[in-house]
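Participant: Residue numbers (the numbering used here), protein chains in the order written: chain W, 1 to 115; chain U, 1001 to 1111.
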Amino acid sequence: DQQVKQNSPSLSVQEGRISILNCDYTNSMFDYFLWYKKYPAEGPTFLISISSIKDKNEDGRFTVFLNKSAKHLSLHIVPSQPGDSAVYFCAASSNSGGSNYKLTFGKGTLLTVNP
Amino acid sequence: DAGVIQSPRHEVTEMGQEVTLRCKPISGHDYLFWYRQTMMRGLELLIYFNNNVPIDDSGMPEDRFSAKMPNASFSTLKIQPSEPRDSAVYFCASSSTYGYTFGSGTRLTVV
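(1) Thinking C-alpha only, which one of W:G60, W:S28, W:A86 and W:E15 is nearest I48 of chain W?
(2) With DSSP as the reference, label R17 of chain W as helix, strand or coil.
(3) For Y39 of chain W, I'd like the list of residues in its chain whose CB is within less than 6 Å of its CB, leaving aside the five on either flank, ordered along the chain.
(4) Only counting the same chain, and skipping five residues up and downstream in sequence, which positions put a Cβ closer than 6 Å to that of Q1017 of chain U?
(5) Any Cβ of chain W within less than 9 Å of the Cβ of A1088 of chain U?
(6) Looking at the strands, I want to know which residues DSSP matches up with A1088 of chain U.
(7) Tell me the rounded alpha-carbon separation between Y36 of chain W and I53 of chain W.
(8) If the cut is a Cβ gap below 9 Å, which residues of chain U does L21 of chain W touch?
(9) Does the contact criterion of 3 or more C-beta pairs under 8 Å hold for the stretch 1060-1068 of chain U versus the stretch 1001-1010 of chain U?
(10) Any Cβ of chain U within less than 9 Å of the Cβ of E42 of chain W?
(11) Assign G1042 of chain U to one of three DSSP states: helix, strand, or coil.
(12) Give me the residue from U:M1069, U:G1099 and U:V1019 with the minimum Cα distance to Y1090 of chain U.
(13) Which residues in the same chain as I1026 of chain U place their Cβ atom closer than 7 Å to its Cβ, once the five residues preceding and following it in sequence are excluded?
(14) Along the chain, where does the beta strand (DSSP E) containing H76 of chain W start, and where does it finish?
(15) Return the chain-ordered list of same chain residues with a C-beta closer than 7 Å to the C-beta of P115 of chain W, the five sequence neighbours on each side being excluded.
(16) Please report how far the alpha carbon of F105 of chain W lies from the alpha carbon of I77 of chain W, in whole angstroms.
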């Protein structure tokens, strides 16, 4: 039973364009959401997060949007760069300020940015 | 800071053998997590510790899996006996207020 779903296994975009990665969740107790980026042969690294009290968080080229009513979040990367090519994991926690506690991850989306 | 250190990086073993994966968390982090990554299931939480005490092991697949954290600087995940379906990448992560840091993982292949 996947509580965090990333329905697109892969996404391919042109350099300079926008990348949009999507994530859906089913557990209404989740109140903190994160995106991790993973390169081959490395562990996932934290990218950006959002609390359920917000609907948007921005950090440079990366923006995460949260739609609580739809139980949906998305990660926007603008402009996309070849170095952004990686697997992106969506994760969720049911503890407030939940980065300390256990995270439930999606299966990941492989983003390929073509030069 | 060397980050979260996992060993070995790769392990190939025969079915039925015991496998031990090791993790050294970041000093000062009071949470330690073991995750398994497979194509089918993505990143699954197996078990996590807080201050060396196991808090939730509901993700451990079966009795063949066990994990220990004898002190704040070391944890092991043991599989005995190993089976081909255990083949995966196993990640250790540690956490403090500022979020998870993952190790580079151990790629386990059971033949």
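Virtual Cβ for every residue (Gly too), placed ideally from N, Cα, C.
Facilitator: Taking the coordinates as given:
(1) W:G60
(2) coil
(3) A86
(4) S1082
(5) no
(6) U:L1108
(7) 20 Å
(8) Chain U residues near L21 of chain W: none, gap ~14 Å exceeds 9 Å.
(9) no
(10) yes
(11) strand
(12) U:V1019
(13) D1001, G1003, V1004, S1094 and T1101
(14) H72 to I77
(15) E15 and P82
(16) 20 Å
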